[in-house]
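Engineer:
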Amino acid sequence: MQTELKELTKLFLKLGFIAFGGPAAHIAMMQDEVVVKRRWMSEQHFLDLIGATNLIPGPNSTELAIHIGYDRAGWRGLLVAGLCFILPAVFITGCFAWLYKSYGQLPELQPYLYGIKPAIIAIILAAVFPLAKKSLKSVTLGVIGALALGLAIVGVGEIYVLFGAGFVALLLALLRQKHLPTKLQSIAIVPLWQVAVAASNTKLFFIFLKIGAILYGSGYVLFAFLDTELVLTGLLTRQQLIDAIAVGQFTPGPVFSSVTFIGYQLNGWSGAAVATIGIFLPSFVFVALLKPMVKYMRNSSLMAAFLDAVNVASVAAIVAVCFEMGKDTITDWRTIVIALVSVAITFGFRKVNSALVVIGGALLGYLLTML
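Residue numbers for the sequence shown, in numbering that gives the first Met the number 0: 0 to 370.
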């Protein structure tokens, strides 16, 4: 057991420091290390674990790391793999959060931040595009996605959009299978609570715990939830949210480490700690609970219909956030140029590291503002 724990520690600490490029890149690195190099499991079993992570809320690549640890060394492996993958990103993001709060408003840094914002929108759109192609499996899902996009743009909360889409698809699946119960119990979704403008650490913890417990889809959906929970309630500015996304892009590890940056901006190091614990805690719990149920969940046609619709709605939520960010960010010819160049790079060179796009946007922003 000690040997397995040491191997997990070395592997996931390494990945925590070098895994740039988002969840898809992280999963590819894990596949290479776990299946090809170390032969800890078969390709099929690795694919089964990927499928399992898509059935539960939370960051997919982080949950895959936790699954691998659990599979390799039980409960201790679950904790070791998850923490070793998360903590390097949290540490690096915390350092950026301190630098940003101390120096981020200085005029000499503004040209770089000015160029980062349009580049971030391009990165998110590039991540959304393959997700959209994969999620639009039928005309019905296309209609659900279009409705979800419309609702998200007009301001309906993401949790209502996601679960509303899921329950509509579930109802349609039940009707198709012709075993709809004669009496359907009404399903009430508890309204999202609102927070005061001054957030205590307790409120921050429960905000991020809730997001970690209900967030399906790509890690980029996180930013849609953060926009609703923090920007629209006055706790965070949209510029701070965009800058947090940027930090999440050019640091390694989970994109969810962006909440460490946000927590620090709101309440210093204690805020960073409670935000980080809140957002990641559900992933450990869900993976531990999911293991005995993986086979049933993967073979359930009703669960598959629900999740297909949730994935489509997740893509719609991301597009809606990009629309709002674009209105705030792309405001003159310079930002239009940066956005177009970033889109051309992210779509034309699919393997380019997103960190390089962020750095390129920052440099282009500096050069254009010097004209």
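Backbone N, C-alpha and C fix where the C-beta goes; we use that ideal spot for every residue, glycine too.
Since we're looking at a predicted model, the values are computed, not measured.
(1) Should the stretch 32–49 be regarded as contacting the stretch 246–264, the criterion being three or more beta carbon pairs within less than 8 Å?
(2) Could you pull out every residue in the same chain whose Cβ sits closer than 8 Å to the Cβ of Asp226, ignoring the five residues on either side in sequence?
(3) Skipping 5 residues on each side, what residues in its chain have a beta carbon closer than 6 Å to that of Val342?
(4) Considering only the alpha carbon of each residue, which of Leu124, Leu171 and Thr345 lies closest to Val142?
(5) Within its chain, find whatever has a CB closer than 7 Å to the CB of Leu39; leave out the 5 residues flanking it on each side and keep chain order.
(6) So, for Ile152: in the same chain, excluding its five sequence neighbours on each side, which residues have a beta-carbon less than 7 Å away from its beta-carbon?
(7) Which residues in the same chain have their Cβ closer than 8 Å to the Cβ of Leu140, if we skip the five residues on either side of it in sequence?
(8) Cutting at 8 Å between CB atoms, please list the residues of its own chain near Tyr111, excluding the five before and the five after it.
(9) Going along the chain, which unbroken runs of the alpha helix (DSSP H) with 4 or more residues stay wholly within the stretch 23–98?
(10) Identify, in the order they occur along the chain, each residue of the same chain with its Cβ nearer than 7 Å to the Cβ of Ala354, setting aside the five sequence neighbours on each side.
(11) For the candidate residues Ile329, Ser299 and Ala243, whose alpha-carbon lies nearest to that of Cys94?
(12) Tell me which same chain residues have a C-beta within less than 7 Å of the C-beta of Ile17, skipping the five on either side of it?
(13) Compute the Euclidean distance between the alpha carbons of Leu280 and Gly270, then round it to the nearest angstrom.
(14) Can you say whether Ala145 is buried or exposed, counting buried as having 16 or more other CB atoms within 10 angstroms of its CB?
(15) Count the other CB atoms, across all protein chains shown, that sit within 10 Å of the CB of Lys209; report buried if there are 16 or more and exposed otherwise.
(16) Measuring CB to CB, does Leu229 end up less than 9 Å from Leu235?
(17) Measure the C-alpha to C-alpha separation of Trp371 and Leu130 and round it to an integer number of angstroms.
(18) Secondary structure at Asn373, three-state DSSP: helix, strand or coil?
(19) Check Pro281 in the structure and name its three-state DSSP category.
(20) With DSSP run on the structure shown, which of helix, strand or coil describes Ser137?
(21) Distance, Cα to Cα, Met302 vs Val336?
(22) Less than 9 Å between the beta carbons of Pro253 and Phe11, yes or no?
(23) Pick helix, strand or coil for Pro110, following the three-state DSSP scheme.
(24) Give the secondary structure of Pro442 by DSSP, where H, G and I count as helix, E and B as strand, and everything else as coil.
(25) Express the C-alpha separation of Ala147 and Val160 in angstroms, rounding to a whole number.
(26) For Phe204, I'd like the list of residues in its chain whose CB is within less than 6 Å of its CB, leaving aside the five on either flank, ordered along the chain.
(27) Measure the alpha-carbon distance for Phe260 versus Thr61 and round it to whole angstroms.
(28) Check the C-beta distance from Leu77 over to Val357 and give it rounded, since I have them as a contact under 8 Å.
(29) Using the C-alpha atoms, what's the distance from Gly15 back to Val351?
(30) Quick one: is Lys116 buried, meaning 16 or more other Cβ sit within 10 Å of its Cβ, or exposed?
(31) DSSP state of Ala195, grouped into three classes?
(32) Name the residue from Pro56, Gly81 and Arg37 whose alpha carbon lies nearest to the alpha carbon of Thr8.
(33) Where does Ile188 sit, in a helix, a strand or coil, going by DSSP?
(34) Confirm, please, whether the CB-CB distance from Ile65 to Ser257 is below 9 Å.
(35) Which one of Gly211, Ile119, Ala212 and Phe224 has the shortest CA to CA distance from Thr334?
(36) Just tell me which of Val89, Leu48 and Ile55 has its CA closest to the CA of Tyr69.
Structural biologist: In this structure, then:
(1) no
(2) Arg237, Leu240, Val320 and Glu323
(3) Ala121
(4) Leu171
(5) Note on residue identity: the sequence assigns Trp, not Leu, to residue 39. Cβ within range, chain order: Val33 and Arg71.
(6) Ala319 and Phe322
(7) Ser134, Ala168, Asp307, Ala308 and Val311
(8) Ala361, Leu362, Gly364 and Tyr365
(9) 42–52
(10) Phe19, Gln248 and Phe249
(11) Ala243
(12) Pro251
(13) 15 Å
(14) exposed
(15) buried
(16) yes
(17) The structure shown does not extend to residue 371, since the chain is modelled only from 0 to 370, so the question has no answer here.
(18) Because the chain spans 0 through 370 in this model, residue 373 falls outside it and cannot be assessed.
(19) helix
(20) coil
(21) 44 Å
(22) no
(23) helix
(24) With the chain covering only 0 through 370, there is no way to say anything about residue 442.
(25) 6 Å
(26) Val273 and Gly277
(27) 18 Å
(28) Not confirmed; about 32 Å, so no contact.
(29) 19 Å
(30) buried
(31) Note on Ala195: pLDDT 37, under 50, position unreliable in the model; the coordinate value appears next. Reduced to three states, the DSSP call for Ala195 is coil.
(32) Gly81
(33) For Ile188, the predicted structure reports a pLDDT of 35, less than 50, and the residue's modelled location is therefore unreliable. A value from the coordinates is still provided. Coil at Ile188, not helix or strand.
(34) no
(35) Ile119
(36) Leu48
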